[in-house]
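Undergrad: Structure below; questions to follow.
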Amino acid sequence: MKYLSEYRDADIVAQYMDEIARTATRPWTIMEVCGGQTHSLVKNGLLQMLPDNVRMVHGPGCPVCVTPLYQIDKAVHLAENHGVILCSYGDMLRVPGSKHSLLESKAAGADVRILYSPLEAVKIAQENPTKEVVFFAVGFETTAPANALSVLHAQRAGVKNYSILTSHVLVPPAIEAVMNDDDSFIQGFLAAGHVCAIMGVSEYYPLSEKYKIPLVVTGFEPVDLVQGILMVVRQLEKGEHKLENQYSRIVHPEGNHEARKILEQVFEVSDREWRGIGNIPMSGYELRSEFSAYDANIKFDVNIEKVSESPDCIAGLVLKGIKKPHECPQFGKKCTPQSPLGAPMVSSEGACAAYYHFSNMLETIEEI
Amino acid sequence: MCLAIPGLIRSIESRYDGMVRIAKVQFGGITKEASLEMVPAAKEGDYVLVHVGVAISIVNEEEARKTFEYLEQIGEIDELIEHTQI
Ligand code: SF4
Chain L
1046 MKYLSEYRDA DIVAQYMDEI ARTATRPWTI MEVCGGQTHS LVKNGLLQML
1096 PDNVRMVHGP GCPVCVTPLY QIDKAVHLAE NHGVILCSYG DMLRVPGSKH
1146 SLLESKAAGA DVRILYSPLE AVKIAQENPT KEVVFFAVGF ETTAPANALS
1196 VLHAQRAGVK NYSILTSHVL VPPAIEAVMN DDDSFIQGFL AAGHVCAIMG
1246 VSEYYPLSEK YKIPLVVTGF EPVDLVQGIL MVVRQLEKGE HKLENQYSRI
1296 VHPEGNHEAR KILEQVFEVS DREWRGIGNI PMSGYELRSE FSAYDANIKF
1346 DVNIEKVSES PDCIAGLVLK GIKKPHECPQ FGKKCTPQSP LGAPMVSSEG
1396 ACAAYYHFSN MLETIEEI
Chain S
5 MCLAIPGLIR SIESRYDGMV RIAKVQFGGI TKEASLEMVP AAKEGDYVLV
55 HVGVAISIVN EEEARKTFEY LEQIGEIDEL IEHTQI
């Protein structure tokens, strides 16, 4: 792996870091919502390049991390007891359920497949007409259109043996949940660039107004991140709370019209439980009733009891930015990527895994 | 899984009785299929940002090249290669 200092952009990043240090006269705490941004901040060593008074905390934007335990149990149950071909994204298969993960079901003989795209699952359904194919559809607004599209493809092709198990989550209600927590000390946000590429930015104006916080839509490359952080710090220093767009080369204010149309057609907004956080009102997508034939929850009668999380895992506090991963007593001890106690240690976008993989940087991070 | 990777549209075909445009998109040395339903203006030779098999926006060549290079440097393209082999 190469380190940031080897990049062509290293000088630009360093210049922005200097500018952040010059601008920040007081301590500020900023949250990046998106797990991809967490990954990039940690992997590129950006956290320890920031001045001491600018502290980044990591948000709940890792879809794999916030998928509730009972949903994973449900998927495991479908794979093991209903004879379905269960497909999902790679990280999702590694997350431990209350008994085991989907990959462990696979090892025990269930037909579980890692796919790059939900559209491939529709093809698998076409090729296996005697089998039921279920796609475990997780993700934020960036991923939801692709999952919705798979349902439309199945419908167009007359594929009846395809369904999705939805566990979709939305960013703006998560920001509200973070801000409504009494222990929250977040003063500004980097909003997730690719989420806004789909949805546009209009949902974020009321949030910056309501909570009086700067919100900057930001990309995920090092230069994007440091620019986004500088824009938030500038606002904080001036006492402003605006919505700004650092990632305007990708994010148009109105988002992607076609994607939003597809979302609107296939999904409706519903309450959603977030692993480690609990129920957040109107924070997810559910298939509309017109598409109930493609809803694995309706197609298969799976009654899974809700089990409680391992009491040792403080993922809820980590996902809300109240604790850092290494402040968890289990971090690197009982909980490692090889044997994870909680979901944030599994996904590459999970904060715990990011801190673990780049633990050579931990000493410096700890001082922040 | 949240990554969107830029690639070059090599060819386009229609499926589902012409309702859907699917492209062969080249990411460095790998070619994969991507749906163009969310980028109706995209044409052969354009660069698109692809997320889980669906193009979500058209990008210019310079942007595509920079982002791809970055993703390659930090080893994020491996994920795409891994999935190609499965
Ligand atoms: S380190 Fe492990 S146990 Fe601790 S919060 Fe993270 S996932 Fe949970």
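So the protein lines, in turn, are chains L and S.
All residue numbers for the first sequence refer to the working numbering, where the first residue is 1046 and numbers rise by one.
All residue numbers for the second sequence refer to the working numbering, where the first residue is 5 and numbers rise by one.
All C-beta atoms in this analysis are idealised placements derived from N, C-alpha and C, irrespective of residue type, glycine included.
This one's a predicted model, so the numbers in the text were calculated from it and none came from an experiment.
Of all Cβ atoms in chain S, is any one closer than 8 Å to the Cβ of residue 1295 of chain L?
TA: Closer than 8 Å: yes.
Undergrad: Scan the segment 1172 to 1190 of chain L for residues whose Cβ lies nearer than 9 Å to a Cβ of chain S and list them as they occur along the chain.
TA: If the cut-off is 9 Å between Cβ atoms, the segment 1172 to 1190 of chain L has 1183, 1184, 1185, 1187, 1188, 1190 near chain S.
Undergrad: Quick check: the Cα distance between residue 1312 of chain L and residue 1336 of chain L, rounded to an integer number of angstroms?
TA: In a straight line, the C-alpha of residue 1312 of chain L is about 9 Å away from that of residue 1336 of chain L.
Undergrad: Do the CB positions of residue 1167 of chain L and residue 1189 of chain L come within less than 8 Å of each other?
TA: Contact: no.
Undergrad: How big is the Cα-Cα spacing for residue 1395 of chain L and residue 1107 of chain L?
TA: Each residue's alpha carbon lies about 6 Å from the other.
Undergrad: From this set, S:33, S:10, S:16, S:39, which residue's C-alpha is nearest residue 1165 of chain L's C-alpha?
TA: The shortest C-alpha separation from residue 1165 of chain L is found at S:39.
Undergrad: For ligand 1, is there any heavy atom lying closer than 7 Å to the beta carbon of residue 1076 of chain L?
TA: Residue 1076 of chain L: no, Cβ never under 7 Å from ligand 1.
Undergrad: How close, in whole Å, do the beta carbons of residue 1181 of chain L and residue 1215 of chain L come, if the pair is a contact with beta carbons under 8 Å?
TA: That belief does not hold up - the Cβ atoms of residue 1181 of chain L and residue 1215 of chain L are roughly 18 Å apart, past 8 Å.
Undergrad: Taking the C-alpha atoms as reference points, what is the distance between residue 1260 of chain L and residue 1373 of chain L?
TA: Rounded to whole angstroms, residue 1260 of chain L to residue 1373 of chain L spans 28 Å at the Cα level.
Undergrad: On the criterion of 16 or more Cβ atoms from any shown chain inside 10 Å, does residue 45 of chain S qualify as buried, or is it exposed?
TA: The residue is exposed, with fewer than 16 neighbouring Cβ atoms inside 10 Å.
Undergrad: Comparing the C-beta of residue 1100 of chain L with each C-beta of chain S, is any distance below 8 Å?
TA: No, residue 1100 of chain L lies away from the interface with chain S (no Cβ there is under 8 Å from its Cβ).
Undergrad: Compare the Cα-Cα distances from residue 1208 of chain L to each of L:1354, L:1323, L:1366, L:1171 and report the closest residue.
TA: Measuring from the Cα of residue 1208 of chain L, the nearest candidate turns out to be L:1171.
Undergrad: In three-state terms, what does DSSP make of residue 28 of chain S?
TA: Strand.
Undergrad: Do residue 1384 of chain L and residue 1080 of chain L have their C-beta atoms closer together than 8 Å?
TA: Going by C-beta atoms, residue 1384 of chain L is not nearer than 8 Å to residue 1080 of chain L.
Undergrad: With distances taken from CA atoms, which of L:1250, L:1349, L:1379, L:1103 is nearest residue 1114 of chain L?
TA: Considering only alpha carbons, the answer is L:1349.
Undergrad: Using CA coordinates, which residue listed in L:1093, L:1192, L:1343, L:1154 is at the minimum distance from residue 1066 of chain L?
TA: Closest option to residue 1066 of chain L, Cα to Cα, is L:1093.
Undergrad: Of all Cβ atoms in chain S, is any one closer than 8 Å to the Cβ of residue 1088 of chain L?
TA: It does; some Cβ of chain S falls within 8 Å.
Undergrad: Under a three-way DSSP split, which group does residue 61 of chain S fall into?
TA: DSSP places residue 61 of chain S in strand when its eight states are reduced to three.
Undergrad: Just by C-beta distance, which residues in the segment 55 to 69 of chain S are closer than 9 Å to chain L?
TA: Taking 9 Å as the Cβ-Cβ cut-off against chain L, the residues of the segment 55 to 69 of chain S that qualify are 55, 56, 57, 58, 60, 61, 63, 64, 67.
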